[in-house]
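Asks: Before I ask anything, here is the structure I am working with.
In this note's numbering, the protein residues as written are 4 to 175.
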């Protein structure tokens, strides 16, 4: 769920922010670099923030779902009101919109990896492989689903996928 949800949301943001920023290269640089930097920082603080507290895990996933829904639903209104700004301001606005979501999206995978018991260390490579596999599948799926149902639906699906991930992790 984490690999699939992450890439689905990233693909959606690349598409939607291309409409706002106007140039695909600048959009790729802005969305991908902001997501990677924010996710890296989220990963850095994730285990210290989590500290085996289930409530904090619910908070992380709830924030991801809420931010995903907010971006998916509000982006047309935000972009329409700010589209006349200079490019550097639109890039800054884009980064400010993406960063909080990317930060919290960086937290679940390291937390899940920390939940693997020492006797289960053989599953670490498996977890990385499954995450990578679903990241690849998610790229194609995001495009197909967006063509069939629209990007708003895919944003909502991304939020649902993260909620499913939360349920699966808490069942562990």
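Just so you know, even glycine gets a beta-carbon here, dropped at the ideal spot from N, CA and C. Bear in mind that the values here come from a model prediction, so they are computed numbers and not experimental data.
1. Assuming residue 116 and residue 42 form a contact by the criterion Cβ under 8 Å, report the distance between their Cβ atoms to the nearest whole angstrom.
2. Provide the residue span of the alpha helix (DSSP H) that contains residue 38, from first to last.
3. Would you identify the three-state DSSP class for residue 86, choosing helix, strand or coil?
4. Taking 8 Å as the threshold, find out whether the region 56-72 comes into contact with the region 126-133 through three or more Cβ pairs.
5. Cutting at 7 Å between CB atoms, please list the residues of its own chain near residue 103, excluding the five before and the five after it.
6. Using 7 Å as the threshold, is the C-beta distance between residue 256 and residue 114 below it?
7. Inspect the CB distances between the region 154-165 and the region 75-86 and report whether three or more fall short of 8 Å.
8. Between which two residues does the alpha helix (DSSP H) carrying residue 56 extend?
9. Would you give the residue range spanned by the alpha helix (DSSP H) that residue 19 belongs to?
10. Assign residue 153 to one of two classes, buried (16 or more other C-beta atoms within 10 Å of its C-beta) or exposed (fewer than that).
11. Helix, strand or coil for residue 119? Go by DSSP, reduced to three states.
12. The alpha helix (DSSP H) that contains residue 132, what's its start and end?
13. So, is residue 147 buried or exposed, given that buried needs 16 or more other C-beta atoms within 10 angstroms?
14. Suppose you measure from the CA of residue 37 to the CA of residue 26; what does that come to, to the nearest Å?
15. With DSSP collapsed to three states, give me the class of residue 109.
16. Residues in the same chain with beta-carbon distance under 8 Å from residue 131, minus the five sequence neighbours each way, listed in chain order, please.
Replies: On the basis of the data shown:
1. Actually they are not in contact, since the Cβ atoms of residue 116 and residue 42 sit about 14 Å apart, beyond 8 Å.
2. 27-53
3. coil
4. no
5. 70
6. This structure leaves residue 256 out entirely; the chain is present only between 4 and 175.
7. yes
8. Unbroken run through residue 56: none, as it is neither H nor E.
9. 5-24
10. exposed
11. coil
12. 126-152
13. exposed
14. 16 Å
15. coil
16. none
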